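The sequence shown runs 14 to 357 under the working numbering.
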Amino acid sequence: MKQFILPILMGATGCMVLVACALALSLVVAHRRENVELLHASFDSSREILQAWHESISSSHLAAEWDNPHFRISNTSSAAQARSVRDGLPADIVSLNFEPDWQILAKAGLVHPDWRSQLPGGKAPWYASLVLIVRKGNPHGIKDWEDLITKPVSVIMPNPKTSGVARLAVLSFWEARKRAGNADSANKDLKLLCKKVPVFDPSMRSCTTTFVQKGIGDVQISWEPEAWLEIDQSAGQLELIHPKLSFRIEPPIGMVAPIANAKGTVNLVRHYLNWLYTEKAQKILAKHHFRPANEEQLLAHKIQFPQVQWLTINDIATDWNSAVDRFFSDNGLVDQALREAAKK
Numbered sequence: 014m015k016q017f018i019l020p021i022l023m024g025a026t027g028c029m030v031l032v033a034c035a036l037a038l039s040l041v042v043a044h045r046r047e048n049v050e051l052l053h054a055s056f057d058s059s060r061e062i063l064q065a066w067h068e069s070i071s072s073s074h075l076a077a078e079w080d081n082p083h084f085r086i087s088n089t090s091s092a093a094q095a096r097s098v099r100d101g102l103p104a105d106i107v108s109l110n111f112e113p114d115w116q117i118l119a120k121a122g123l124v125h126p127d128w129r130s131q132l133p134g135g136k137a138p139w140y141a142s143l144v145l146i147v148r149k150g151n152p153h154g155i156k157d158w159e160d161l162i163t164k165p166v167s168v169i170m171p172n173p174k175t176s177g178v179a180r181l182a183v184l185s186f187w188e189a190r191k192r193a194g195n196a197d198s199a200n201k202d203l204k205l206l207c208k209k210v211p212v213f214d215p216s217m218r219s220c221t222t223t224f225v226q227k228g229i230g231d232v233q234i235s236w237e238p239e240a241w242l243e244i245d246q247s248a249g250q251l252e253l254i255h256p257k258l259s260f261r262i263e264p265p266i267g268m269v270a271p272i273a274n275a276k277g278t279v280n281l282v283r284h285y286l287n288w289l290y291t292e293k294a295q296k297i298l299a300k301h302h303f304r305p306a307n308e309e310q311l312l313a314h315k316i317q318f319p320q321v322q323w324l325t326i327n328d329i330a331t332d333w334n335s336a337v338d339r340f341f342s343d344n345g346l347v348d349q350a351l352r353e354a355a356k357k
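In structure tokens, the structure reads:
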């Protein structure tokens, strides 16, 4: 009998090992879920860059490492997107192009108020400049903000009440005119600008339709990613002008923590956000005309991204709350300018 004890014990031990391995494997399999979905809610002009990012991830080894997630995108204006997420859109990730829109979600407890602190290096992966788009040959000789009110042109821009980029354009225009005169003259110039706009579309993407497809307007206020998309598709019929002064547009981006926690996608979201800073993701950014955070990639595209004088909110107001109250609240400077424009 003794000669059989060791083999039997070894057999029992082996079974225990096999059971343990099977249990561990089942846990791994259970951890690797199928049909993992990641919803990124964003602003209109991010449509193409998000699609390119997701295609790059899906075609790489990362897809398998990340449980082969199914990426979904929701695009609308920044303000509308903030309201959608606040009101229940189950987005794992959100990116907006206007800081106060982000703070709407922060106040609702959905995102971190200091979004930069949650990202690698404490900075956004992307940024962009405001630009002016003109017809071929720049027939009106548009060079800077002042030309929008001193030359006989009609201007296409989104409604500052609904578009984040339009609000940043208003702030940039106003600050440029203030520096050329004073605050009172800048207020008057803002009213003149609004009178030059034949129709206020709700978003930057809808302005593209008005300016390019309908042929309305002499100059369009836009920002680099949207403007270059128009120019690339215009067959040489449009040109781009960089005004000397521009708000530095850094679209806030981050995790919608309550949703990611509920869906179990927290780690996936973190991987996603970290990936945005890789060389591959940054190259894709530059290709789609966002300024990459990576200095080497930015330098490699310096012709596409000329230097401009950057504005921040502190150049215009003490903080975002005071800027919003002064410019964009009910009966603020924008409301006053829009009422004046309606009299034309």
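Positions of the beta carbon are idealized from the N, C-alpha and C atoms, including for glycine. All values reported here derive from a predicted model rather than from experimental measurement.
CA-CA distance, residue i and residue j?
i, j, result
"residue 232", "residue 172", "15 Å"
"residue 254", "residue 235", "10 Å"
"residue 270", "residue 279", "7 Å"
"residue 302", "residue 147", "18 Å"
"residue 143", "residue 336", "18 Å"
"residue 101", "residue 54", "12 Å"
"residue 343", "residue 334", "14 Å"
"residue 324", "residue 74", "40 Å"
"residue 345", "residue 338", "7 Å"
"residue 340", "residue 163", "23 Å"
"residue 153", "residue 193", "21 Å"
"residue 251", "residue 131", "39 Å"
"residue 157", "residue 288", "37 Å"
"residue 151", "residue 182", "20 Å"
"residue 332", "residue 195", "20 Å"
"residue 349", "residue 204", "8 Å"
"residue 329", "residue 239", "25 Å"
"residue 308", "residue 277", "34 Å"
"residue 261", "residue 274", "32 Å"
"residue 35", "residue 80", "With a pLDDT of only 39 at residue 35, under the threshold of 50, the placement of this residue in the model should not be trusted, and no figure is reported."
"residue 351", "residue 263", "27 Å"
"residue 85", "residue 197", "46 Å"
So, using beta-carbon positions, are residue i and residue j closer together than 9 Å?
i, j, result
"residue 237", "residue 141", "yes"
"residue 112", "residue 326", "yes"
"residue 218", "residue 60", "yes"
"residue 134", "residue 290", "yes"
"residue 249", "residue 149", "yes"
"residue 314", "residue 299", "yes"
"residue 354", "residue 220", "no"
"residue 256", "residue 93", "no"
"residue 241", "residue 320", "no"
"residue 51", "residue 106", "yes"
"residue 62", "residue 115", "no"
"residue 268", "residue 83", "no"
Is it right to say residue i is buried, meaning 16 or more other beta carbons lie within 10 angstroms of its own, or is it exposed?
i, result
"residue 312", "exposed"
"residue 322", "exposed"
"residue 230", "buried"
"residue 155", "buried"
"residue 202", "buried"
"residue 177", "buried"
"residue 57", "buried"
"residue 77", "exposed"
"residue 356", "exposed"
"residue 306", "buried"
Pull up the CB-CB distance for residue i and residue j, whole angstroms please, since I reckon it's below 8 Å.
i, j, result
"residue 95", "residue 117", "5 Å"
"residue 179", "residue 191", "About 18 Å separates the two Cβ atoms, so there is no contact after all."
"residue 91", "residue 109", "4 Å"
"residue 87", "residue 65", "Not a contact, Cβ separation roughly 17 Å."
"residue 225", "residue 247", "7 Å"
"residue 347", "residue 174", "7 Å"
At least one CB of chain C closer than 9 Å to the CB of residue i: is that the case?
i, result
"residue 196", "The chain inventory of the structure shown lacks chain C, comprising one protein chain alone."
So, do the stretch 184-193 and the stretch 283-291 have three or more beta carbon pairs nearer to each other than 8 Å? The stretch 184-193 vs the stretch 283-291: no contact.
Quick test of the definition: if touching needs 3 or more C-beta pairs under 8 Å, does the stretch 118-128 touch the stretch 60-73? no
At a cut of 8 Å, does the stretch 194-214 reach the stretch 161-172 through at least three beta carbon pairs? Short answer: they touch.
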